[in-house]
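Taking it in order: structure first as structure tokens, then the write-up.
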Amino acid sequence: AVVARGMGKCCVAGCGSIQVDYDAELFRVGELSVKKGDYVSLDGTSGEVMLGEVPSIESEITRVISGEMKPEDSKIYVHYEKLMSWADEIRRLGVRTNADNPEDAALARNFGAEGIGLARTEHMFFGERLPEVRKLIIAEDEKERREAIAKLLPMQKDDFKGIFRAMDGLPVIVRLLDPPLHEFLPKTEEIEAEVAKAEERGEKSRVDELQELRVKTERLKESNPMLGHRGCRVGITFPDIYEMQVRAICEAACELKKEGLNPIPEIMIPVVSHVNELAEIKAYTKKRAEEVMSEQGVKIDYLFGTMIELPRAALTADEIAKEVDFFSYGTNDLTQTTYGFSRDDVEEKFLPVYIDKRILVDNPFAVLDPKGVGELVKIGKDRGRASNPSLEVGICGEHGGEPKSIDFCHRIGLDYVSCSPYRVPIARLAAAHAVLKEESPENE
Numbered sequence: 014a015v016v017a018r019g020m021g022k023c024c025v026a027g028c029g030s031i032q033v034d035y036d037a038e039l040f041r042v043g044e045l046s047v048k049k050g051d052y053v054s055l056d057g058t059s060g061e062v063m064l065g066e067v068p069s070i071e072s073e074i075t076r077v078i079s080g081e082m083k084p085e086d087s088k089i090y091v092h093y094e095k096l097m098s099w100a101d102e103i104r105r106l107g108v109r110t111n112a113d114n115p116e117d118a119a120l121a122r123n124f125g126a127e128g129i130g131l132a133r134t135e136h137m138f139f140g141e142r143l144p145e146v147r148k149l150i151i152a153e154d155e156k157e158r159r160e161a162i163a164k165l166l167p168m169q170k171d172d173f174k175g176i177f178r179a180m181d182g183l184p185v186i187v188r189l190l191d192p193p194l195h196e197f198l199p200k201t202e203e204i205e206a207e208v209a210k211a212e213e214r215g216e217k218s219r220v221d222e223l224q225e226l227r228v229k230t231e232r233l234k235e236s237n238p239m240l241g242h243r244g245c246r247v248g249i250t251f252p253d254i255y256e257m258q259v260r261a262i263c264e265a266a267c268e269l270k271k272e273g274l275n276p277i278p279e280i281m282i283p284v285v286s287h288v289n290e291l292a293e294i295k296a297y298t299k300k301r302a303e304e305v306m307s308e309q310g311v312k313i314d315y316l317f318g319t320m321i322e323l324p325r326a327a328l329t330a331d332e333i334a335k336e337v338d339f340f341s342y343g344t345n346d347l348t349q350t351t352y353g354f355s356r357d358d359v360e361e362k363f364l365p366v367y368i369d370k371r372i373l374v375d376n377p378f379a380v381l382d383p384k385g386v387g388e389l390v391k392i393g394k395d396r397g398r399a400s401n402p403s404l405e406v407g408i409c410g411e412h413g414g415e416p417k418s419i420d421f422c423h424r425i426g427l428d429y430v431s432c433s434p435y436r437v438p439i440a441r442l443a444a445a446h447a448v449l450k451e452e453s454p455e456n457e
């Protein structure tokens, strides 16, 4: 749902009562059957799925922003621009976007985003690049790793050049690889199916190759990957991946600066729980960045920071802040690790019951929990700035586009929020509303 929202598409996830019959090409909900070719309409905000085709009209604002319509031809857009200008005059919070490609970056900029608060690099590792990523992960020696990196590096560099170009003159926070490595490898069942086919064809060398891949895949498999070998832990045990990404970021920025553009890269390390993890990665990140700038003959003013998405990181923020220029709160994972909730499971199994019975007033993955998760955000911000007064602090979870959460971020003194492109206008308005509420509490 998070990814779909960033694409401006409706998505209803966690539909546990749906039973899909692939052979019959239909799905069932109770006694109702919906066949291939039937229309359903989705409300991505409420999570409602309606049978049939509900008439809809594309927003004039998005039509103007996409270039399909001239601004002067839409009174709605003219009023929208006026309202947004008023909001921008009074809001204190900055508003950035979460974007992983140049198209989303340009769209968000047109919506008024002041930079990118989260560019997820894992989305750049699929498709035609997946075979090279797999080679890098399962490489047995330095030569194999270097060959894979040599192919991935120019691809990553092109990705970053496109995003930096779209955000010329604005900051771009690039999160280095976050998910567990096994997510990039085929599932055991897929490998076994390929083994069977290779055996039928009598391809012994292919069978041996697949069997070796299965062993390595099994070795990387985890029982709880969300809390396992991911993020900075991969950056420490497989430094080649992060070093390649840092080089790609810096080469992209240097080349664009030579063209006369002004890229502002900010490198972010995920899943940090201990300051020593950060210090380890910072050492080689700085070394690789300096190498690239020396080779290119260009100086880039980049920032180095971390996501705060684990309670220990928030509680030891005074130590961590000494190593970084910025904190970005990953409130999606911070909510999971604070509540002890697995988001995919609880939203399907019991969270609706909790909300219906008022055990929880809001879904904590939709509205930031101020007393628990929010308190950790505040503690981390206060302790971080106590040891590093110039520390920049923002949030990049989906809470960054939710009005009540934005109001909380304003009240505790964060610098910015970051959300998906289509939520940027909402965030701008909510940030202004937070100022008005503060100045005139009776109007709340």
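If you want our numbering, it's the position in the sequence shown, counting the first as 1, plus 13.
Don't be surprised by glycine CBs; every beta carbon is placed ideally from N, CA and C.
These figures come from a predicted structure and were not determined experimentally.
Asked: Taking only runs that begin and end inside the stretch 217 to 262, name each unbroken alpha helix (DSSP H) of 4 or more residues, in chain order.; Found: 217 to 233, 245 to 250
Asked: Give me the Cβ distance between Pro377 and Thr110, rounded to the nearest whole Å; I'm assuming they're in contact under 8 Å.; Found: The pair is not a contact, with the Cβ atoms about 23 Å apart (cut-off 8 Å).
Asked: Would you call the stretch 319 to 337 and the stretch 302 to 311 touching, i.e. three or more CB-CB distances under 8 Å?; Found: no
Asked: Compare the beta carbon distance of Leu198 and Ile150 with 8 Å and say whether it is the shorter of the two.; Found: yes
Asked: Based on the DSSP output, what are the partners of Pro184 in its beta bridges?; Found: Ile277
Asked: Is Val146 helix, strand or coil by DSSP?; Found: helix
Asked: Assuming contact is defined by CB atoms lying nearer than 8 Å, are Arg441 and Met97 in contact in what I supplied?; Found: yes
Asked: Determine contact between the stretch 161 to 177 and the stretch 255 to 262, defined as no fewer than three beta-carbon pairs at a distance below 8 Å.; Found: yes
Asked: Considering only C-alpha positions, which residue in the set Cys432, Ala209, Glu38 is nearest to Glu222?; Found: Ala209
Asked: Which residues in the same chain have their Cβ closer than 6 Å to the Cβ of Ile254, if we skip the five residues on either side of it in sequence?; Found: Leu190
Asked: Who are the Cβ neighbours of Glu293 in its own chain at under 6 Å, not counting the five residues just before and after it?; Found: Ile249
Asked: Kindly give me the distance between the Cβ atoms of Glu157 and Lys148, rounded to whole angstroms, as I take these residues to be in contact under 8 Å.; Found: 7 Å
Asked: DSSP beta-bridge partners for Arg444?; Found: Strictly speaking, residue 444 in this sequence is Ala, with Arg absent from that position. Paired residues: none, contrary to the question.
Asked: Taking all protein chains shown into account, decide if Leu45 is buried (16 or more other Cβ within 10 angstroms of its Cβ) or exposed.; Found: exposed
Asked: Would you tell me roughly how many angstroms separate the C-alpha atoms of Val337 and Val25, rounded to the nearest one?; Found: 37 Å
Asked: The alpha helix (DSSP H) that contains Asn289, what's its start and end?; Found: 288 to 309
Asked: Pick from Pro278, His92, Thr201, Val77: whose alpha carbon is nearest that of Glu234?; Found: Checking the sequence shown, residue 234 turns out to be Lys, not Glu. Residue Thr201 is the option with its Cα nearest to Lys234.
Asked: Can you tell me where the beta strand (DSSP E) with Val390 in it begins and where it stops?; Found: From DSSP, Val390 is part of no beta strand (DSSP E) but of the alpha helix (DSSP H) over 386 to 400.
Asked: Between the Cα of Phe421 and those of Gly385, Glu135, Pro283, spot the shortest distance and give me the residue it belongs to.; Found: Gly385
Asked: With Gly128 and Val185 assumed to form a contact (beta carbons below 8 Å), what rounded beta-carbon distance in angstroms separates them?; Found: 6 Å
Asked: If distances are taken between C-alpha atoms only, which option among Ser218, Gly414, Arg243 comes closest to Pro193?; Found: Arg243
Asked: Would you mind giving the Cβ-Cβ distance between Gly125 and Val108, rounded to the nearest angstrom? I have them listed as a contact below 8 Å.; Found: 7 Å
Asked: With 16 other CB atoms within 10 Å as the buried threshold, where does Pro68 fall?; Found: exposed
Asked: First and last residue of the alpha helix (DSSP H) that includes Arg371?; Found: That residue, Arg371, is in no alpha helix (DSSP H); it is neither H nor E in DSSP.
Asked: Is there contact here, the stretch 391 to 398 with the stretch 354 to 371, by at least three beta-carbon pairs under 8 Å?; Found: no
Asked: Going by alpha carbons, who is nearest to Ile176 out of Ser236, Arg133, Glu196, Lys48?; Found: Arg133
Asked: Taking the alpha-carbon positions, what's the Gly215 to Ala161 distance?; Found: 29 Å
Asked: Does the beta-carbon of Val305 have 16 or more other beta-carbons within 10 angstroms, so that it is buried, or is it exposed?; Found: buried
Asked: Kindly list the residues whose CB is nearer than 7 Å to the CB of Thr344, restricted to its own chain and excluding five residues on each side of it in sequence; keep chain order.; Found: Leu381, Val386, Ile408, Gly410, His412
Asked: Whole angstroms are fine: how far does the CA of Tyr297 sit from the CA of Phe251?; Found: 12 Å
Asked: Determine the extent of the alpha helix (DSSP H) in which Lys164 is found, giving its start and end residues.; Found: 155 to 179
Asked: In terms of residue numbering, what span does the beta strand (DSSP E) encompassing Asp314 cover?; Found: First-last for Asp314: undefined, no H or E at that position.
Asked: Per DSSP, Asn111 is paired with what?; Found: Leu131
Asked: So, at 8 Å on beta carbons, what are the nonlocal neighbours of Ile31 in its own chain, with the 5 sequence-adjacent residues on each side left out?; Found: Phe40, Arg41, Val42
Asked: Which residue's Cα is closest to the Cα of Asp423: Gly130, Val448, Glu212, Glu85?; Found: According to the sequence provided, residue 423 is His. The question's Asp does not apply to it. With distances taken between Cα atoms, His423 lies closest to Val448.
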